[in-house]
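These notes are about the structure you will find just below.
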């Protein structure tokens, strides 16, 4: 029987890890600050993986596990597509496919005051930005960018929304432009909104075009 | 001592394993696990907001629903649900998503011996597929003791019925580590020497039980390898191993 414990590669960065794998040895990195992203946890003197996926490192000190899931882990700064579930006095309750419902303050719109609160019905689709996503608290959303401008956030009218995995959403939003979107754009005129939480909205002049574009994107997931 | 098993396997040989992940479209995570003719399908939904009434809201809650192949749900199914729930609670990190519920549905497709270990393996793979944070994986195996004192692994249903006693054992998987001294340890012992769950039926002597543990632990390394290889492939492929 091979001795698995002797096979410790210099680093796991870029390779697939499974839950439990110890990926970073903290005792060899004293006096450094490292930032742990999604999927990693601190376990005594080392960092171990909680999910299965590829370990990625963004220089100089950010580590995370990139994996493709159907559910979303809210992260501050992400743009997502949310569906209104309920409305309270001070905020709307939005479902963003995460472990908890998110709050959208009623005033988080460009030029929003108590007098011009938008009326969103249950089931409305919105393009939003995640402002805060702290542990233990419901995430907070906003319909403005960091400077307070509307910047295309808000209600998405007409069109068709479908769900994908978070991996496909990330691929669609990557730069340079994803080859699927580029080649689709040369053939069909359509507009698209992609949420990092695995929701995609497509709109075009005719239902035929919408269905073609949506099917092409859904089938592009290998 | 040579043993004559019906399908020609040796004492410690496992049946062919097959595992596919992401097979159900609507479930957030799913896996199908088969050991020989025993096949189990597991689906995971969650984490969803809210916990049940008697559960601690500071932790995530795992609920298990076991659906047998035929017949109504009875005490045996409830017992399996409880064993699975306790096992999964000890491998999942419950503090990451407080006040949420993760539902695990187990559907028995075919029962040909070692049903509960197959279900535990399937549930573990489905949880990985759904991205639920876990401490490590769980590897389950069935060992049985024959009337002659012989210990065999992974029995079929016929073999199980002829045995004096059998034990379902669940071990943590082998982890790869960048640490120079190998895998992390708890109180001086490496994690692989631990045990998560042990369910026994029938009577066996203490020595027999320890021998089962030893055999089961040796077989769990093979299962660990299989799990690792399966997870390193792309999600929508199915994989087979002997």
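Chains as they are written, first to last, in the UniProt record's numbering: chain A, 1 to 222; chain B, 1 to 242.
Heads up, the beta-carbon is just placed ideally off N, CA and C, and yes, glycines get one too.
Note that the structure is predicted; figures quoted are calculated from it, not measured.
- DSSP places residue 217(B) within a helical segment (H, G or I) once states are collapsed to three.
- Within the region 129-148 of chain A, the residues whose Cβ lies closer than 9 Å to some Cβ of chain B are 135, 136 and 138, listed in chain order.
- Close to residue 131(B), with beta-carbon spacing below 7 Å, are these residues of chain A in chain order: 51, 67, 69 and 71.
- Distance from the CA atom of residue 26(B) to the CA atom of residue 82(B), rounded to whole angstroms, is 25 Å.
- Bridge partners of residue 140(A) according to DSSP: 103(A) and 132(A).
- Look at the region 167-178 of chain B: the residues with a C-beta under 8 Å from a C-beta of chain A are 172, 173, 174, 175, 176, 177 and 178.
- At a C-beta separation below 8 Å, residue 49(B) has these neighbours in chain A: 99, 100 and 101.
- For residue 27(A), the closest of 216(B), 178(B) and 145(B) by C-alpha to C-alpha distance is 178(B).
- When beta bridges are read from the DSSP output, residue 200(B) appears opposite 167(B).
- Around residue 136(B), the beta-carbon contacts reaching into chain A at under 7 Å are 19 and 20.
- Chain B places a beta carbon closer than 7 Å to that of residue 25(A), counting this residue as a contact.
- Residue 103(B) sits in a strand when the DSSP states are folded into three classes.
- Of all C-beta pairs linking the region 84-93 of chain A to the region 202-211 of chain A, fewer than three are shorter than 8 Å, placing the two stretches out of contact.
- DSSP, reduced to helix, strand and coil, places residue 62(B) within a strand of the structure shown.
- At least one CB of chain A lies nearer than 7 Å to the CB of residue 97(B).
- Within chain B, no residue has its beta carbon less than 8 Å from that of residue 190(A); the closest one is some 25 Å off.
- Shown here for residue 58(B): same chain residues with a beta carbon closer than 7 Å to its own, the five before and five after excluded, namely 98 in chain order.
- At least one beta carbon of chain A lies nearer than 7 Å to the beta carbon of residue 232(B).
- DSSP places residue 173(B) outside both helix and strand once states are collapsed to three, so it counts as coil.
- Residue 202(A) has its alpha-carbon roughly 37 Å from the corresponding atom of residue 33(B).
- Among the CB atoms of chain A, none fall inside 7 Å of the CB of residue 25(B).
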